[in-house]
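See below for the structure under consideration.
In full-length UniProt numbering, the protein residues as written are 1 to 1131.
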């Protein structure tokens, strides 16, 4: 029986010996060539090798087979001899099978990496079709291949191996021996770094949005090494090692500061932006690390050690020249803070299905967010495909560009959580935009979207405005521990001196580490073994809620005895008074030795939102702190002085939401949507599988944020005409979009007819957009929309003109809106009890009504002093004869606790059309009041003409008058444009000589380059433009190619200043084929005046060209007339 077992075991290979010799032999087998037909380590190849080794080799293999068989059977015999349960044998078998599976998968992974590294082109061509080759194979302008560098590394690698062998022998080996008595005999018995160097598979250089005194490179590193490192501890007869190491990651290299002497940079800093991928083939005793349960632990421990050295925020800096501030280079101040509002998701996949999907269930979604090493996890929403989280997180961003926000959704299950989708967002784009509030489509799944609002917070060294910031960061219940952050604390822990011994009365040196704490956040430094003068050189970063009442606690501990070696406390308000909010000094430790000190550098940075606390009296403020001028322009355009007024001071609890997040300060305007019609829609109501062609019953659904509008259904019509008008309140620009979706109404399930998305930021700039939009995701169909942007004013005198506008008086319910009413419902006091004659506390909520529109507040349970803190917005048709009705009700008994009526014309007479006070409730208690803030804003159409709406002599004069209304209303501080328009309108009306082109002309060359697949538009010059100022115009040209009206589809020229006849001679290109150019066919062009800092842009003229009528292959050069509305030119 033993012979049979031995023979079968030898034939099958059997279990590996304890020293892992078979793995070593297999790994030493040469790598296969591309034409090799025999896999490495196959049975036939091994049999051949054994046959050629003679009788001694056969005897040796027989002995090894016997040893392997004995090692397999002995545990079974031992378990029976000791009377152990059979479960132990099963457990051993499970562990053994898991071990073999992990080893096999790791070997396969290492082999694939080795083959890919050695035969890259062959592997890629065998698995990818020609048309699917990677971008760098054909064209990769962003990331470049550097094969010349890889060839240099091949030549240098042997010398690098000798250098690293010296480092291991002379530095690492003595350090390991000195760390503990158990490793005094630790020795490297073999150090071979192999013949294969690491490869740089791609390199990216950053030239924009970076400091001009540094060079930033991103190197894509791939190391598939054949190294062989063995260690031995003779005292314990221990042999271990690693063979074949693979490491893949993105290594950032920074050359800074740039200097005027060779080599032109002062230091070299490098680090991994995110944790690299690591695979190690262990040998010897370290084979045990591949046992299930230990393999993940060992890999994570090694990657943790790499992260402590070379993964953000840690860096490795090599000084090139002297006199450098190395601490500042190794650990710079973070670039900013990312505030992540995880709002919700929709249309997630169903994962909790039964009977293989026959019974449809839902999902239990949660979200995991990563920014570098920082990880955040949301709560789980049970059985919901459209979860709402409303959670807020704050992540510290160390490198921009480079770092990304990674969001992954999972379905929580008892065994293994199911994947629901993921997405990645470049934080460089968020830093540019300052605020991004969008629904993001999830990748790697068929359906699902995630709603995120991302705010970029800058870091300042100015302690002013801290009180305003503290008043704006109160988070709602459960949204953030200790509220949101108002500041960032960066601690650079340098070193300590003269620490006491680990035990009194002895000279035993301690092994000190440091605990740093702010409130509930605690960090620990690395351990410095056996020294009284440790050097840590580590950075730590804390998010600070309120620096005026928080402290930094430092405690130095001994790792061996876990006893305190000294402590130190620093109130953070001390940093507020320091120069530059920075302290760099040595601090005396308490409860320690008389000369025990710790050296640190501490820096406090105030967090500021790009939009929140601008000093409007300081015109240099935005440029000083890097806030884009466009944001300041938005603030100056849309926020009246009265909107900055605050509610009466009241003590807020730490969990209440501030007014700045709920109030009307975020209202940007009103979007008036004219849904006119559609054409060329798809036929959906077909019979007999399309043999009998039918039509469709179309209707349209419009979304602006949470606001939804649905049109009527037009039966059996492919060219429906609706002529319906809707009004949507816009809170955030940029950020919000208009989403239009068309459906064919059916008895069972409505069919999809197409959709489109329009960026409201562009509508706000254009003021009026009246176009046929091509529908996406379908072959045919267009939607006709006219979008009007209505601005919000605090001037009550403009209300009469708005009410007299014929467009305001329509057949819509209550007419169109002339004003917007914002009600900030704060709180109530001294409400009566729910039942007369008792002290039973009510559960009050509020009903607010204007005409047919009614809103209800949340319910505050069991209180006479409810706090709601909610905003409500009403579209008002005529504020002179409409009222706001308020009624406070008890939710338990549905009875009234008091009411209040406010005629809106009272707001017209108020200062700034705003009331902020407590109102006495009627039919309530004698002291029952409700506190509210109400603001009325007049909705003004930007090109509504104040001066020429009665003049109808000519079409052109009316259009000029309209444009004059735009200029008059858009920029009252620049009267020159109004005067120029008056002059031109007067000349048109009087018939005097003005010229044939009152708004000027533009010269363009339009052609298509088939070789480069580019539609080329050459903007030559403009002439006879309007002069918005006495000095002329600062002119630039903006071009879209319909239907792509998003930011990425926009092209613009440079600005020519102080000229009404500018010359550009600039080429703008759109990447598209000739067929795509003919399909999109509308070239939308606008000539604009750049008003500069704190001023808005002005439209000087528009032009739309139908490129279908042009000969794009030969190209055409023409002068085109500019108009107000941009009529489409077909020749």
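Virtual Cβ for every residue (Gly too), placed ideally from N, Cα, C.
Q) What's the gap between the Cα of residue 371 and the Cα of residue 393? A) 11 Å
**Q.** Cβ neighbour criterion (16 or more within 10 Å) applied to residue 818
**A.** buried
Q: Would you please state the rounded distance, in angstroms, between the beta carbons of residue 450 and residue 423? I believe it to be under 8 Å.
A: 6 Å
Q.
Using the Cβ count rule (16 or more neighbours within 10 Å means buried), how would you classify residue 522?
A. exposed
Q.
Could you tell me the alpha carbon to alpha carbon distance between residue 753 and residue 384, rounded to whole angstroms?
A. 28 Å
Q) Looking only at its own chain, which residues have a Cβ that is under 6 Å from the Cβ of residue 947, when we skip the five neighbours before and after it? A) Note that residue 947 has pLDDT 34, beneath the 50 cutoff, so the model's placement of it is unreliable and no number is given.
**Q.** Three-way DSSP call (helix, strand, coil) for residue 467 in this model
**A.** helix
Q) What's the gap between the Cα of residue 900 and the Cα of residue 938? A) 24 Å
Q) Which value, in whole angstroms, describes the spacing of the CA atoms of residue 1037 and residue 1023? A) 13 Å
Q | Residues near residue 277 in its chain [Cβ-Cβ closer than 6 Å; skip 5 each side] | A | 248
Q: Under 8 Å by Cβ, that's how I've got residue 158 and residue 214 pegged, so tell me the actual separation to the nearest angstrom.
A: Between residue 214 and residue 158 the Cβ distance is about 33 Å, and since that is not below 8 Å, they are no contact.
Q) With distances taken between CB atoms, is the gap from residue 782 to residue 893 smaller than 8 Å? A) no
Q. So, is residue 74 buried or exposed, given that buried needs 16 or more other C-beta atoms within 10 angstroms?
A. exposed
Q. To the nearest angstrom, how far is it from the Cα of residue 349 to the Cα of residue 445?
A. 8 Å
(Q) Since residue 560 and residue 511 should fall inside the 8 Å C-beta cutoff, what is the C-beta to C-beta distance between them, to a whole number of angstroms? (A) 5 Å
Q | Close Cβ partners of residue 882 (< 7 Å) along its chain, the five nearest in sequence each way excluded | A | 850, 851, 876 and 904
Q. When you compare each of 1070, 1039 and 1115 to residue 1101 by their alpha carbons, which one comes out closest?
A. 1039
Q: Give me the Cα-Cα distance between residue 319 and residue 486, rounded to the nearest whole angstrom.
A: 35 Å
Q) Apart from the five residues on each side of it in sequence, which residues of its chain come closer than 7 Å, Cβ to Cβ, to residue 517? A) 553
(Q) For the beta strand (DSSP E) containing residue 732, name the first residue and the last one. (A) Residue 732 -> no beta strand (DSSP E), and no H or E assigned at all.
Q) Which one or two residues does DSSP pair with residue 898 in a beta bridge? A) 888
Q. What do you reckon, are the CB atoms on residue 1083 and residue 1108 nearer than 8 Å?
A. no
Q.
Runs of 4 residues minimum, wholly inside the UniProt domain "C2" (998-1120): which ones carry the alpha helix (DSSP H) assignment?
A. 1074-1080
Q. With a cut-off of 8 Å, do at least 3 Cβ pairs link the stretch 738-749 to the stretch 699-713?
A. yes
Q: Compute the distance between the beta-carbons of residue 694 and residue 686, then report whether it is under 8 Å.
A: yes
Q. Which ranges would you report for the beta strand (DSSP E) in the stretch 522-597 if only whole runs of at least 3 residues count?
A. 535-544, 551-558, 564-571 and 582-588
**Q.** CB contact flag (residue 593, residue 498, <8 Å)
**A.** yes
**Q.** Contacts around residue 1013, its chain only, beta-carbon distance under 8 Å, and the 5 residues preceding and following it disregarded
**A.** 1071, 1072 and 1073
Q.
Among 284, 1017, 80 and 862, whose alpha-carbon lies nearest the alpha-carbon of residue 1114?
A. 1017
Q) How would you write the range of the alpha helix (DSSP H) that residue 164 sits in, first residue to last? A) 147-167
Q.
Excluding the 5 residues flanking residue 183 on each side, which residues of the same chain have their C-beta closer than 7 Å to its C-beta?
A. 176, 177 and 233
Q | DSSP-derived helix/strand/coil call for residue 453 | A | strand
Q: Compare the C-alpha of residue 710 against each of 718, 253, 719 and 726 and name the closest.
A: 726
Q. With a cut-off of 8 Å, do at least 3 Cβ pairs link the stretch 909-926 to the stretch 829-841?
A. yes
Q) Can you tell me whether DSSP reads residue 199 as helix, strand or coil? A) strand
Q) Along the chain, where does the alpha helix (DSSP H) that runs through residue 760 open and close? A) 760-766
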